[in-house]
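Start counting the sequence shown at 771; every next residue gets the next number (my numbering). Just so you know, even glycine gets a beta-carbon here, dropped at the ideal spot from N, CA and C. All values derive from a computational prediction rather than experimental measurement.
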Amino acid sequence: MLNHSPKKKILVTGAGGFIAHHLACRLKEMGHWVRGADVKLPEYSLTKADEFLQVDLRDRDNCDAAVKGMDEVYHLAADMGGIGYISQSHAEITVNNTLMDVNMVAAAQAAGVKRLLYSSSACVYPQFLQHDPDVTPLREEDAFPAQPEEGYGLEKLYTEKLCQYFTEDYGMETRVVRFHNVYGPLGTYDGGREKAPAAISRKIAMARDGDAIEIWGDGKQTRSFMYIDDCVEGIIRIMQSDHREPLNLGTDELVTIDELVDIVAEASGKTIGKRHDTSKPQGVRGRNSDNSRLRQVLGWEPAIHLRQGIVPTYSWISGQVSERRPGAGTAGTIAAVAAPNR
Ligand code: NAD
C-alpha cells in the first residue's frame, strides 16, 4: 500500500489527457490539493482537480503561473500520439515538447518546487536493440549509447538529462518514469493519436461479427501493455521513492499485435479476421520492459494482465463508439477545446 503522506499542493500537467486525468483523480482521493493544467479539459469525464488552468504550457509565463505555490509537480503534458502520429510530425512534436519541458522544469526550479516527476517513454531506447520481435527486455542502462525514436524519443531523452542536470546543479529532486504503452478507459481512441489497444478496440467495436479489421504491419511485431491503474500506482510510488535515475514503468508480458487483436476480440465476443497492411507504420519490431530495477527499488511492479485490463477498456470504447454513431449524440462528454497551433 502507498504511504498516505501529509496533504500536499500538487500540479499535474496534461490533466486534460489520459494518464494525468486518472492521476489527478487518484491524488485527490489521497487527500491532496490538486491543480490541473492543460490546453484542453478532459474530453470524456469531468476533472476532479481543485483548480484547472486551461493554458498552453509552451509559454513560460503559463508555466510560472501553474507551478506557483506547488510542493510537487507531475509533468505529463506532451504532444504525443500513436506510431502513425509520432512518425510523421518530428519537427512539430520536437518543438512543442522541448518548449513545454524546458519551461516547466525551469519554472518549477525557480518557484522552489520540492520535487518534479517527468513522464518519459520507452521510445528513448535505441532502435538497434529492437529489431527482433523476440526482443531482450530493455534495461534502464540500455538507453546509451543512444539511437532513440526520431523526434519524440530524442526529445524525451534530452529532457531526462535536463532533469538530471537540474538535480546536480540546483538540488531540485527529480524523478523520471519511462512508460511502456499504457491503455485503459478514458484514453484517446480515435482521431489519429490513439495507440494500438485503443485503435484495435475501436475497430472491433465498429465491426460486425465475422468481419476482418485492418492491422498495421504484419501483426508479428511485439509490445508489452500496462493498464492505467497500474500506471497511476507506479507513478505515485516512484515519486515517493528515493530513486533519482530513470525507471521503466510497464509490464513484461510480451504479446504480438495479432495476439492483442485476439485478446480484444475475445473481450468483445466477436469472431474477428485480420487484414494486414504492411505499408502502414509499425514502429520498432519488438519492445519489452525489464522490470528488475523497478522491483528492486519499489518492491512492486505492474500486475494487471492484458486479458484482464482489456475488458473494461473494450467495454468503455465500445460504449463510446455506440454513443457517437450518427444520431446517437455524445451524452456524458465534455467538448474538447481546440489546442492552438498543434
Ligand atoms: P495524452 O495525449 O492523453 O495527454 C497529454 C496531454 O498533454 C493532452 O491532454 C494535451 O492536450 C496536453 N498538451 C499537449 N500540448 C500541450 C501544451 N502546449 N500545453 C498544455 N498541455 C498540452 O497522453 P497520455 O497518454 O496521457 O500521456 C501522458 C504522458 O505520458 C506524456 O508525456 C507521454 O509522452 C507519456 N507517455 C505515454 C505513453 C502511453 O502509452 N500513453 C507511453 C509513453 C509515454
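Sub-7 Å separation of residue i and residue j beta-carbons
i     : j     : result
E943  : R1007 : no
L1024 : T1048 : no
Y888  : V946  : yes
I789  : L827  : no
C933  : M874  : no
D793  : V1002 : First, the residue type needs correcting, since residue 793 is Leu and not Asp in the sequence shown. Closer than 7 Å, so yes.
K1044 : I1087 : no
H1013 : V1091 : no
P1072 : D1000 : yes
H950  : A892  : yes
K778  : H802  : yes
S890  : R972  : no
V1128 : M840  : The chain is shown from 771 up to 1112; residue 1128 falls before or after that span and cannot be answered.
D988  : H1046 : yes
Q858  : Y940  : no
Supposed contact pair residue j and residue i - C-beta distance, whole angstroms, cut 8 Å
i     : j     : result
Y959  : I1074 : Contact flag wrong, Cβ pair sits at about 19 Å.
L1019 : R1063 : So it is not a contact: roughly 11 Å between Cβ atoms.
L823  : A848  : Between A848 and L823 the Cβ distance is about 17 Å, and since that is not below 8 Å, they are no contact.
A1035 : I1027 : Rounded, the Cβ-Cβ distance is 13 Å, inconsistent with contact.
G786  : K818  : That pair is no contact at about 12 Å.
S1038 : T1021 : Incorrect: roughly 22 Å between the Cβ atoms, too far for contact.
S1033 : R1077 : One detail in the question is off: residue 1033 reads as Ile in this sequence, not Ser. Correct: roughly 6 Å between the Cβ atoms.
P1051 : G851  : Contact flag wrong, Cβ pair sits at about 11 Å.
Buried or exposed by the 16-neighbour rule on C-beta atoms within 10 Å, applied to residue i
i     : result
E821  : exposed
H901  : exposed
E799  : exposed
K926  : buried
D871  : buried
G784  : buried
K965  : buried
A913  : buried
D979  : exposed
N1111 : Here the model assigns N1111 a pLDDT of 26, short of 50, so the residue's position is not dependable and the matter cannot be decided.
R796  : buried
A861  : exposed
E842  : buried
Y1084 : buried
L956  : buried
F936  : buried
P915  : exposed
Y953  : buried
E813  : buried
L1030 : buried
Simplified DSSP assignment, three categories, for residue i
i     : result
G1056 : strand
E1023 : coil
W803  : strand
L781  : strand
E943  : strand
K712  : Residue 712 is absent from the model: the chain starts at 771 and stops at 1112.
G921  : coil
R1065 : helix
Y935  : helix
S890  : strand
H845  : strand
D981  : coil
S1092 : helix
G1004 : helix
G852  : coil
M1009 : helix
L1017 : strand
R1077 : helix
E930  : helix
E821  : strand
V952  : strand
F788  : helix
Checklist entry - Would you call the region 921-936 and the region 859-874 in contact, with 3 or more CB pairs under 8 Å? => result Cβ pair count under 8 Å is three or more, so yes.
Next on the checklist: So, does the region 1042-1057 touch the region 897-916, judging by three or more C-beta pairs under 8 Å?
Outcome noted: yes
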